[in-house]
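Please read the structure below before turning to the comments.
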Amino acid sequence: MFADAGFKHVSVSGSEVWAIDSSGTVCRRSAVTDENPSGSCWLTGLSGNWQHISARGCVDSSSKQRVDPM
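So the sequence shown is residues 45 to 114, counted in my numbering.
See below:
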């Protein structure tokens, strides 16, 4: 669904992959790991007219552990 429509913006940090789809909805790639770098599916989040997103805010820089925002 999303890949066919395209993305306005994609941001990657470690194993976090976030994107804004062509309709302006925030999307997150699920289950991205070293063993499965392509992940398993896109999870949709906030609808709206989003233009930009940063995956960097999803990582606790002091401990290098992922903070699960969803």
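For glycine and all other residues, C-beta sits at the position ideal for the given N, C-alpha and C.
Boundaries cannot be given for A75, as no beta strand (DSSP E) includes it and DSSP labels it neither H nor E. Around the beta carbon of V56, fewer than 16 other beta carbons lie within 10 angstroms, which makes this residue exposed. Selection N80, A63, E79, D78 evaluated against R72 yields A63 as nearest (Cα-Cα).
If the five residues before and after N93 are omitted, its C-beta is found closer than 6 Å to the C-beta atoms of G68, all from its own chain and listed in chain order. For H53, the enclosing beta strand (DSSP E) has its first and last residue at 51-57.
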